[in-house]
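Residue numbers (UniProt numbering): 1 to 196.
Backbone N, C-alpha and C define an ideal beta-carbon position, used for all residues, glycine too.
It should be emphasised that the depicted structure is a prediction, and the values quoted were computed from it without experimental measurement.
Working notes, beginning with the structure itself.
Below is the structure:
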């Protein structure tokens with residue numbers, strides 16, 4: 001049985017999916033259980049010479065895809081979560097210190113994410129005033145960061161955004177809409193400052 005078949009079977013079994021979530025991402029504990037570090041290489045796709053630092057939090061259940069390209073790095077204290085969507089990271093890409101990535105997210109090749117960045121494709125639903133927000137579920141809208149992009153420290157990339165090739169996102173920017181290729185964006189919300 002190949003990985004895709006196993007993933008499909010896990011997705012179609014709510015009880016098994018719930019058990020896997022509890023085992024891998026127990027809400028009471030602040031870190032995934034120790035044995036997940038032993039099992040993860042069996043279902044995570046890691047390229048040659050890729051590195052995931054020991055202190056990175058990898059909330060990556062096997063019913064979604066996680067891949068890290070050749071020579072790519074996930075630095076210390078980063079958090080990667082693919083529970084609601086696949087996280088795919090290209091070759092020669094650096095996920096910096098204290099980054100948070102919540103799928104579905106696709107990051108291209110030669111991308112450099114500085115420190116403290118949040119890239120999230122997830123939003124909590126909150127329209128029903130008769131229910132608590134945590135009871136209303138979530139919605140996702142995929143984020144795509146194309147090749148040769150540099151994102152400065154403490155930037156936030158929100159759901160549904162595509163950042164084009166060869167872009168720079170300034171430190172502290174909040175990106176709420178698509179960024180055309182060869183652009184420098186800055187501000188809250190981020191706006192194109194110039195073409196590069």
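Relative to residue 150, the option among 47, 186, 2, 123 whose CA is nearest is 186.
Here residue 144 is bridged, per DSSP, to 106, 162.
For the set 50, 5, 56, 158, the Cα lying nearest the Cα of residue 122 is the one of 158. With contacts defined as CB atoms closer than 9 angstroms, residue 111 and residue 85 fail to qualify as a contacting pair.
For residue 65, the three-state secondary structure derived from DSSP is coil.
Residue 79: member of the beta strand (DSSP E) spanning 79–81, first to last residue.
Residue pairing by DSSP places residue 195 opposite 183 in a beta bridge.
About 26 angstroms separates the beta carbons of residue 92 and residue 7, which is beyond the 8 angstroms limit, so they are not a contact pair. Shown here for residue 82: same chain residues with a beta carbon closer than 6 angstroms to its own, the five before and five after excluded, namely 60, 64, 66, 103 in chain order. By the Cβ neighbour-count rule, residue 72 is buried, with 16 or more other Cβ atoms within 10 Å of its own. Cβ-Cβ separation between residue 167 and residue 181: approximately 7 angstroms, consistent with a contact (criterion under 8 angstroms). In the three-state reduction of the DSSP assignment, residue 111 falls in the coil class. A buried status is given to residue 44, since no fewer than 16 other beta-carbon atoms sit within 10 Å of its beta-carbon. A straight line joining the alpha-carbon of residue 57 with that of residue 87 spans about 14 angstroms.
Around the C-beta of residue 146, 16 or more other C-beta atoms lie within 10 Å, and the residue is accordingly described as buried. In terms of CA proximity to residue 154, 117 leads the group 117, 183, 177.
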